[in-house]
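What follows is a single structure, written as structure tokens, with notes after it.
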Amino acid sequence: MISVRYFKDGELIRIKLKVRGSTVIELPDNVIAIPAFADMHVHLRDWGESHKEDLNSGSRAALAGGVATVGDMPNTKPPIRDPDLALRRIKDASSLKINYRLHGGVPTDLNLLKGYVSLGIRSIKVYPEDYRVIEEIIKAAAVNNMTIIIHCEDPSLFRNLNGNDSRIHGVNRPLDAEFSCALRVIQLALIHGARIHLTHVTDPRIIDLVKLSNRITIDVTMHHLLLDEDSCIEHVNDPFYCKVNPPLRSRLIRLELLRRLINGSVSIIASDHAPHTSGEKFHSNYDNTPPGFPGLETTGLLLLDLWRRGLIDLGRVIDVYSINPLKILEVNNDAQLLIDTKSSTVIDPSLFMSKAKHSPFSGWATMVRLIGLIKGGELLMVDSDYEKMFAGLISNNTLIKLSRSI
Ligand code: DOR
Ligand code: ZN
16 MISVRYFKDG ELIRIKLKVR GSTVIELPDN VIAIPAFADM HVHLRDWGES
66 HKEDLNSGSR AALAGGVATV GDMPNTKPPI RDPDLALRRI KDASSLKINY
116 RLHGGVPTDL NLLKGYVSLG IRSIKVYPED YRVIEEIIKA AAVNNMTIII
166 HCEDPSLFRN LNGNDSRIHG VNRPLDAEFS CALRVIQLAL IHGARIHLTH
216 VTDPRIIDLV KLSNRITIDV TMHHLLLDED SCIEHVNDPF YCKVNPPLRS
266 RLIRLELLRR LINGSVSIIA SDHAPHTSGE KFHSNYDNTP PGFPGLETTG
316 LLLLDLWRRG LIDLGRVIDV YSINPLKILE VNNDAQLLID TKSSTVIDPS
366 LFMSKAKHSP FSGWATMVRL IGLIKGGELL MVDSDYEKMF AGLISNNTLI
416 KLSRSI
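Just so you know, we're using this note's numbering here: the sequence shown kicks off at 16 and counts up by one.
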């Protein structure tokens, strides 16, 4: 049992959290508990890409980042585009300590969606390469009552130019490719009565479009909210590291996105945790640099930092990175995250649990520290500097996270 201040409905109240063991540990007032984070868009890789990440390292990265529930993407190697492979994946993930949900890939035969449903898969992930047959997919998803999670970029608006740095990526995959896709799928969703979730949206116009709809939801990533195409390159000092899909946008667009998080129009934050090795990400050329960054160990910290700096309140942090994604994933929260609000953390990728030990946020200072995660009555993660505080609760299942504090 631990006694801790808990944030609920805008108020801090002292409660006792049930944990294995009967002694009561009184945590100091600077430690608060909130519902653990839920990240509906991650790539845990494994199989043919376990050098980038595997289910074990990915789930440890989740716990280190305060995340107890993930929605995993099907662009694995081989890609998950049928129920047989989906079942293999679900079995592989069954021993993980975190709550695991899989988004199925679009099968060549859409009748196979029924097979997904019988495995408990409630969502399918649509990539730009599936865009040709988007209307059929939307119809079939509506019939099977599945949510479509779409990476919405219209490939007919892509270009193929080469450039000296990753800024060319935003020319090749312009904002209008996102807008064109969004206009089309929103209309199709309304016509066919489908539920659509637009993931990693970077176009503020799309957020305004879907604001009052309960059939269409969106998420935004912290890299699109906090980095722009110029600032990222300056910070990482590598010409192509900042390549990501969809691309980082201009400072003006980024600030418009951030404004929509602050005014409450963004309802979900996701990491799009896309681990690649440092060797793959650095010192390469435009074509060969794989897109994306690891995000499971930075998203919650960066979001809480916005709270500590007074840009959003704590209730919103909990809504966008716990309550609302849990609704889409259809998972009930069973975990609490303990935060030291008087300490701080410098993002140090060399300490990541992910195999991808790099980040565009390397060296950023955040005004909080994630010190423990309790799930199902067990302490699953603890910051090494707080081990004494949680003495007696640490078991073989506890991940002890080293963290660099300031
Ligand atoms: O940047 C990205 N990386 N965007 C995607 O859509 C895929 C992801 C990956 O799997 O690496
Ligand atoms: Zn992704």
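Built from N, CA and C at the ideal position, the CB exists for glycine as well.
Model, not experiment: these values are computed from the prediction.
Of the candidates L267, R419, R230 and S181, the residue whose Cα lies closest to the Cα of E249 is S181. Taking C-beta separations shorter than 7 Å and ignoring five residues to either side along the sequence, the partners of R275 in its chain run P219, I222 and V281, following chain order. It is roughly 11 Å from the alpha-carbon of K106 to the alpha-carbon of Y115. S138 places its beta carbon less than 7 Å from that of I164.
Annotation: Y21 is outside any alpha helix (DSSP H); the continuous beta strand (DSSP E) that includes it extends over I17 to K23. In this structure, the beta-carbon distance from F367 to Y301 does not fall below 7 Å.
Counting C-beta pairs closer than 8 Å gives three or more between the segment 377-385 and the segment 352-363, which meets the contact rule.
Per the coordinates, the alpha-carbon of A197 lies some 32 Å from the alpha-carbon of T292.
Bounds of any alpha helix (DSSP H) do not take in M396; it lies within the beta strand (DSSP E) bounded by E393 to D398.
In terms of Cβ geometry, H212 and P262 do not form a close pair [threshold 7 Å].
With 16 or more neighbouring CB atoms inside 10 Å of its own CB, I201 falls in the buried class. Among the bridge pairs identified by DSSP, V46 is matched with D355. Residue pairing for L414: DSSP places it in a beta bridge opposite M396. According to the DSSP assignment, H250 belongs to the alpha helix (DSSP H) that extends over E244 to V251. Taking a C-beta distance under 7 Å as the contact criterion, A192 and L172 qualify as a contact pair.
For the 7 Å CB-CB criterion, M161 and H118 do not form a contact.
Per the Cβ contact rule, the segment 73-87 is in contact with the segment 46-65 (3 or more Cβ pairs under 8 Å). When the five nearest sequence neighbours on each side are left out, the beta carbons in the same chain lying within less than 6 Å of the beta carbon of L352 are those of I49, A51, G81 and L388, in order along the chain. The beta carbon of V251 is closer than 8 Å to those of C257, P375 and S377 in its chain, skipping five residues each way along the sequence. With fewer than three CB-CB distances shorter than 8 Å, the segment 317-333 does not count as touching the segment 121-135. Closest in C-alpha terms to P143, from the list S109, S72 and S195, comes S195.
Distances taken from the Cβ of A289 to the heavy atoms of ligand 1 include one shorter than 6 Å.
Contact between the segment 64-76 and the segment 32-43 is absent, with fewer than three C-beta pairs closer than 8 Å. Taking 8 Å as the upper bound for CB-CB distance, R269 and H239 are in contact here, some 7 Å apart. In this structure, DSSP gives V225 a helical state, which the three-state scheme calls helix. CA-to-CA, the gap between A101 and I95 works out to about 6 Å. One Cα belongs to I409, the other to G63, and the distance between them is close to 34 Å. Counting only the Cα atoms, N303 lies some 49 Å from L27.
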